[in-house]
Structure formats: structure tokens, C-alpha cells
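Below: the structure, in C-alpha cells.
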Amino acid sequence: MTKLYHTRESAEASFPTGSWQSVVYKELVSQLTSDLRPFPCTFAINGYRNDDLRFLFQETPNIPEFGEQLAMFLDEARSIGQNAALLYLTGMETVEPLEDYSARFWTILNELAKVDRKPWPEDIPQDLDSPEWEFCFNGEPIFVVCTNPAHVKRQSRRSSTFAMSLQPRWVFDRILFSDRAANIVFNNIRKRMQPYDALPPSPALGRYKDPNVREAQQYVLSEDDSILRCPFHQLESRQAEDA
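Below is the structure:
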């Protein structure tokens, strides 16, 4: 199986100036490296600085290929670095309503679940309305974020094309090893959001496993205090289809 995702070096060298890949990549780098307008998520900033990020480019979603590359990334993620994440970047298009990007995001997650070759982890519930639910693939719990062009007020979730960030749960477990450590990190990120976004942090945001927090609601955020509806009670799976 050929590795199609890129390191920072190969992403910079592989695409000609003016190509959609180059444009999208440079925009992302500009966000993560700006001193005048510091990006709120320190996980992403540290990941870029340490070359822990990997970049997968698909002009339009190809789920079988995406699934193969995600599994390959997860297999080697621990050897990449402590802030390892896969950034999934797609091609330029006409801007759509936020609800359409949300629907696309959940369709992709559901389709990924169908091509996952490993069973869902036994200790992670499949009901999305559980505080312990989290998207899983290749046997790994993953925190997923959707960014898209529809965001105007919530700039921390804006990108010029539909994109996804997929970061293994163990990245957070290593850094947020105690309540004190977690509070310091989250308070810092929220503080950085205040000048970056044109509205307060979403009420959907919170700690994993908090009884009042749902991971699924954090993946795609609205442009106000409302919670975007997830279209699934639970994701479909390859195992269910094969049964």
C-alpha cells in the first residue's frame, strides 16, 4: 500500500505554486505560524512546529483510499511524535451552508466506519449520546474536527475548503494527564479563542467523559450557541454489514 499523506517537507515540495493543494496548505501553515494572530489550538501549533502533522490531499472524498491512509497513519502515529495528527484537505469549491458541511462530515465518518477493518473498541460505546463515545478507526479512539469555509464568526473553525483534523486520543491523554494539567491547557486555549473568534467558545466544548459533554457535538460547531444535530444515533460498521 502506497503512503499518500505528506510530511511538512514533502507537502511543501510536491505541489506546484497555484495548485489547490499548495494554496490550501499555505493557508493552513499561515494560520498555525502567525505571531500577529496566534491560532488558539496549541496542539495544532506544536504539531506543526515538531513536524508531527501529516497531510492527506483529496480533491473530492475517496473513502476507501481515505480509510487506507488513515489506518496507515494510525499504525505509525506513535512513532511520528507526541502531537501526531492527520490533516485531511479537499479541493476548492463554491461555499455551501454550514449545515451542508456538517452533513458531509458525518457522511464521511459513517462511510469510514463501514470500511474500517478492525472492530470498534469494546470499551467505547457506540451510542453517540454517551459521554464516553468517540469516533474510532483501526481500533483507535480519535478526536475529529471539521473546518470549512462557512465559518465567519468562528474563525478557529474556518478553512478555505472542507477539511478534517484527526488526532488519536492518546495525544490528549499524554498531555492532559491530570485535572490540573487539563484545566491549564483548556483555559489557555479558551483564552486564545477570545481575540480570534467573534463570539465566545461554543457551549458544546468540554472535557471528554464529562457527563454533560458529548464528543459528537464538538466535531462540527455552529456559528452561534446552538448545537448542530448529528444525523446518526450510531455509526454503521463493516462488522454489522458483514453479519
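Residue 209 in my numbering sits at position 129 of the sequence shown, with consecutive numbering throughout. Beta carbons: idealized from backbone N, C-alpha and C, even for Gly. Keep in mind it's a predicted model, so treat the numbers as computed, not measured.
Query                                                                                                       : Result
Euclidean distance between Cα positions of residue 293 and residue 96                                       : 43 Å
Residue environment, residue 313, which counts as buried when at least 16 other CB atoms sit within 10 Å    : exposed
Residue 245 - containing beta strand (DSSP E), residue span                                                 : 243 to 248
Residue 278 burial status per 10 Å Cβ neighbour count (16 or more: buried)                                  : exposed
Of the residues 181, 258, 268 and 198, the one placed nearest residue 311, counting alpha carbons only      : 181
Terminal residues of the beta strand (DSSP E) in which residue 168 lies                                     : 165 to 170
Where residue 214 falls, given that 16 or more other Cβ within 10 Å makes a residue buried                  : buried
Member of 267, 110, 151 and 140 whose CA lies at the smallest distance from the CA of residue 246           : 151
Bridge partner(s) assigned by DSSP for residue 222                                                          : 248
Buried versus exposed, by CB contacts within 10 Å (16 or more), residue 274                                 : exposed
Expected contact under 8 Å - CB spacing of residue 163 and residue 251 to nearest Å                         : 6 Å
Cβ contact check for the segment 103 to 122 and the segment 232 to 246: 3 or more pairs under 8 Å           : yes
Where the alpha helix (DSSP H) containing residue 123 begins and where it ends                              : 122 to 129
Host beta strand (DSSP E) of residue 138 (start-end)                                                        : 133 to 138
Closest residue to residue 112 among 86, 288, 129 and 186 (Cα-Cα distance)                                  : 129
Under 8 Å between C-beta atoms of residue 211 and residue 290                                               : yes
Three or more C-beta pairs below 8 Å linking the segment 131 to 144 and the segment 165 to 173              : yes
Alpha carbon of residue 199 to alpha carbon of residue 219, nearest angstrom                                : 6 Å
Opposing strand residues paired with residue 238 [DSSP bridges]                                             : 228
Beta-carbon proximity check, residue 134 vs residue 167, cutoff 8 Å                                         : yes
Rounded C-alpha distance that separates residue 158 from residue 226                                        : 23 Å
Anticipated Cβ contact below 8 Å, residue 240 with residue 107, distance rounded                            : 6 Å
Buried or exposed (CB count within 10 angstroms, at least 16 for buried), residue 99                        : exposed
Cβ neighbours of residue 160 in the same chain (closer than 6 Å, five flanking residues each side left out) : 132
Those residues which DSSP pairs with residue 217 across a bridge                                            : 220
Neighbour-count burial assignment, residue 93, 16 or more Cβ in a 10 Å radius                               : exposed
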